[in-house]
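Counting from 1, one number per residue, gives the positions in the sequence shown under full-length UniProt numbering. Don't be surprised by glycine CBs; every beta carbon is placed ideally from N, CA and C.
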Amino acid sequence: MHQLTLAEIARGLADKKFSSEELTKVLLARIAQLDPQLNSFISLTEDLALTQAKAADARRANGESGALLGAPIAHKDLFCTQGIRTSCGSKMLDNFKAPYDATVVAKLAAAGAVTLGKTNMDEFAMGSANESSYYGAVKNPWNLEHVPGGSSGGSAAAVAARLLPAATGTDTGGSIRQPAALTNLTGLKPTYGRVSRWGMIAYASSLDQGGPLARTAEDCAILLQGMAGFDPNDSTSIDEPVPDYSASLNGSLQGLRIGVPKEYFSAGLDPRIADLVMASVEELKKLGAVVKEISLPNMQHAIPAYYVIAPAEASSNLSRFDGVRFGYRCADPKNLEDLYKRSRGEGFGTEVQRRIMVGAYALSAGYYDAYYLKAQKIRRLIKNDFMAAFNEVDIILGPTTPNPAWKLGAKNSDPVAAYLEDVYTITANLAGLPGLSMPAGFVDGLPVGVQLLAPYFQEGRLLNVAHQYQLNTDWHTRTPTGF
Numbered sequence: 001m002h003q004l005t006l007a008e009i010a011r012g013l014a015d016k017k018f019s020s021e022e023l024t025k026v027l028l029a030r031i032a033q034l035d036p037q038l039n040s041f042i043s044l045t046e047d048l049a050l051t052q053a054k055a056a057d058a059r060r061a062n063g064e065s066g067a068l069l070g071a072p073i074a075h076k077d078l079f080c081t082q083g084i085r086t087s088c089g090s091k092m093l094d095n096f097k098a099p100y101d102a103t104v105v106a107k108l109a110a111a112g113a114v115t116l117g118k119t120n121m122d123e124f125a126m127g128s129a130n131e132s133s134y135y136g137a138v139k140n141p142w143n144l145e146h147v148p149g150g151s152s153g154g155s156a157a158a159v160a161a162r163l164l165p166a167a168t169g170t171d172t173g174g175s176i177r178q179p180a181a182l183t184n185l186t187g188l189k190p191t192y193g194r195v196s197r198w199g200m201i202a203y204a205s206s207l208d209q210g211g212p213l214a215r216t217a218e219d220c221a222i223l224l225q226g227m228a229g230f231d232p233n234d235s236t237s238i239d240e241p242v243p244d245y246s247a248s249l250n251g252s253l254q255g256l257r258i259g260v261p262k263e264y265f266s267a268g269l270d271p272r273i274a275d276l277v278m279a280s281v282e283e284l285k286k287l288g289a290v291v292k293e294i295s296l297p298n299m300q301h302a303i304p305a306y307y308v309i310a311p312a313e314a315s316s317n318l319s320r321f322d323g324v325r326f327g328y329r330c331a332d333p334k335n336l337e338d339l340y341k342r343s344r345g346e347g348f349g350t351e352v353q354r355r356i357m358v359g360a361y362a363l364s365a366g367y368y369d370a371y372y373l374k375a376q377k378i379r380r381l382i383k384n385d386f387m388a389a390f391n392e393v394d395i396i397l398g399p400t401t402p403n404p405a406w407k408l409g410a411k412n413s414d415p416v417a418a419y420l421e422d423v424y425t426i427t428a429n430l431a432g433l434p435g436l437s438m439p440a441g442f443v444d445g446l447p448v449g450v451q452l453l454a455p456y457f458q459e460g461r462l463l464n465v466a467h468q469y470q471l472n473t474d475w476h477t478r479t480p481t482g483f
């Protein structure tokens with residue numbers, strides 16, 4: 001059962017080949033057996049899962065149907081889940097039980113999805129390796145000595161190891177697409193505002209976006225269908241109709257215009273990954289696509305702009321964690337200042353403290369114009385580059401990451417080296433565009449992903465291209481040894 005995709009589970013449940021309760025018990029046992037190797041879960045929710053599975057079986061018995069009805073999933077541990085610890089991978093929220101469900105959690109539960117647990121993540125979603133979690137690093141199932149990518153590394157590792165068919169993640173600068181690439185999954189960052197951020201603990205509010213991680217584009221379509229939609233509780237949610245993503249999967253790629261930016265093929269890209277990217281281009285050409293070289297001239301400024309804007313927003317968002325109302329509180333504070341300093345100093349990890357300090361500096365008097373305002377201007381230039389490119393092409397294709405997964409601890413002494421792993425993904429967040437990573441091969445036994453970008457609200461186009469590619473390749477069907 002653990003090898004079934006979401007789509008296959010939906011068909012199996014509809015045909016009464018197994019029940020949701022049976023499937024849930026199998027996967028919970030598998031998690032208990034295998035997750036100690038991976039550390040992909042922070043919390044398991046066995047009682048909730050079995051209750052939801054029984055309810056889903058009852059709904060099916062009463063004639064209800066639906067692709068997610070009875071399907072097991074997990075949530076990245078920054079989606080608030082009522083009565084269940086929502087830690088954000090941090091000591092600061094180790095004791096926090098959310099008093100309500102995030103919109104994404106509520107929507108998927110209403111669709112009948114079964115929540116198996118909450119997955120490990122970089123602390124407050126800050127990281128590209130899933131090594132900054134208070135609960136320890138997550139291991140990549142393709143090689144347990146390597147990182148799975150971050151910050152949604154727990155979700156990615158769990159799905160890649162066949163502990164469950166799909167999971168939610170969030171993407172602030174590539175945190176769905178990058179771990180998807182490093183673990184041989186399909187991961188989708190929707191258009192900013194397509195999926196509600198209400199109840200999703202914020203890192204950088206103008207960049208964060210929830211989305212699905214699964215083995216196939218077909219499964220991502222199913223999960224996104226349950227997640228997407230307007231939410232009046234979220235002021236950044238966009239009131240745009242949600243199409244049937246599964247219905248567009250089988251569209252022809254004949255005449256599809258694919259742009260390949262010349263800036264992607266710089267000295268920082270592993271040449272073996274470059275070869276796999278071009279091999280995927282050739283595969284899509286066989287399906288009728290037309291390919292042309294394009295330019296994104298301001299891409300070189302993306303990393304410095306991102307690492308001013310994101311920490312600035314983080315320093316503002318994380319100011320609420322002060323030891324007063326909820327979360328970690330230091331022991332025996334001498335006064336209010338001591339309470340603030342020690343609660344934050346003891347509750348936040350090194351990477352979070354680093355980004356808070358960078359952000360506070362960028363927003364301080366005398367530096368706001370020089371750093372934050374300039375970064376926002378660069379952000380607009382990057383968006384303009386994409387708008388000009390999409391006048392010429394339908395989608396943009398390139399590598400998801402410049403390198404395959406690196407060894408645990410290899411970049412800990414050089415944070416900038418880890419930041420550079422996001423060079424191809426952060427532009428989509430700065431511009432608010434949808435992006436998808438799909439499996440495209442292996443380098444030294446480690447997975448490699450190819451990234452697709454599309455105009456706003458064209459997630460269906462991305463899923464269509466990825467699905468057609470996956471019908472004609474088998475990279476996404478490969479399973480890590482031992483899982």
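| Asked | Found |
| --- | --- |
| Three-state class that DSSP yields for Arg215 in the structure shown | coil |
| Where Lys54 sits in the DSSP three-state scheme | helix |
| Test item: CB-CB of Lys107 and Gly226 under 7 angstroms | yes |
| Contact under 7 angstroms by Cβ, Gly347 with Met92 | yes |
| Segment contact, 8 angstroms Cβ cut-off, at least three pairs: the region 255-265 with the region 285-305 | yes |
| Which residues DSSP lists as bridging Leu420, in chain order | BP columns for Leu420 are empty, so no partner. |
| The beta strand (DSSP E) enclosing Gly441, as first and last residue numbers | 435-443 |
| Buried or exposed (CB count within 10 angstroms, at least 16 for buried), Ser151 | buried |
| The region 352-360 contacting the region 299-315, beta-carbon criterion three pairs below 8 angstroms | yes |
| Under the three-state DSSP convention, the category Phe41 falls into | strand |
| Euclidean distance between Cα positions of Tyr481 and Tyr134 | According to the sequence provided, residue 481 is Thr. The question's Tyr does not apply to it. If I take the Cα positions, the gap works out to 28 angstroms. |
| First and last residue of the uninterrupted alpha helix (DSSP H) at Gln376 | 374-389 |
| Proximity of Asp394 and Leu185 at Cβ, strictly below 7 angstroms | no |
| Identity of the residues DSSP links to Gly169 by a beta bridge | Gly211 |
| Rounded C-alpha distance that separates Glu421 from Met299 | 14 angstroms |
| Segments of 3+ residues assigned as beta strand (DSSP E) that fall wholly inside the region 438-479 | 446-453 |
| Residue environment, Val277, which counts as buried when at least 16 other CB atoms sit within 10 Å | buried |
| Proximity to Lys383 [Cα-Cα], best of Trp475, Pro165, Val138, Pro297 | Pro297 |
| Short Cβ contact (7 angstroms threshold) for Arg194 with Ala228 | yes |
| Contiguous beta strand (DSSP E) assignments of at least 3 residues, all confined to the region 250-326 | 257-261, 290-294 |
| For Gly187: DSSP bridge partner residues | Leu213, Ser437 |
| For Val195: DSSP bridge partner residues | Ala228 |
| Distance CB(Val138)-CB(Gly153) smaller than 7 angstroms | yes |
| Contacting residues, own chain, Cβ-Cβ under 7 angstroms from Asp239 (five flanking each side not counted) | Phe230 |
| Euclidean distance between Cα positions of Thr400 and Ile31 | 28 angstroms |
| Through-space distance from Asn391 to Thr427, alpha-carbon basis | 18 angstroms |
| Exposed unless 16 or more other CB atoms sit within 10 angstroms - verdict on Glu254 | The sequence given here places Gln at residue 254; Glu does not occur at that position. Classification for Gln254: exposed. |
| Counted within 10 angstroms of its Cβ, other Cβ atoms place Pro434 as buried (16 or more) or exposed | buried |
| DSSP-derived helix/strand/coil call for Gly136 | coil |
| Straight-line gap, residue 484 to Asn250 (C-alpha atoms, nearest Å) | In the structure as shown, the chain begins at 1 and stops at 483. Residue 484 is therefore absent and cannot be evaluated. |
| Strand pairing of Thr86, partner residues [DSSP] | None, per the DSSP bridge assignment. |
| Val114 - partner residues in DSSP beta bridges | Pro72 |
| Spatial distance of residue 484 from Thr51 (CA atoms) | Any question about residue 484 goes unanswered here, given that the chain covers just 1 to 483. |
| Cα-Cα separation, Gly445 to Pro404 | 9 angstroms |
| Closest Cα partner of Glu199 within the set Tyr307, Ala158, Gly345, Val104 | It should be pointed out that residue 199 corresponds to Gly in this sequence rather than to Glu. When only C-alpha atoms are compared, the closest one is Val104. |
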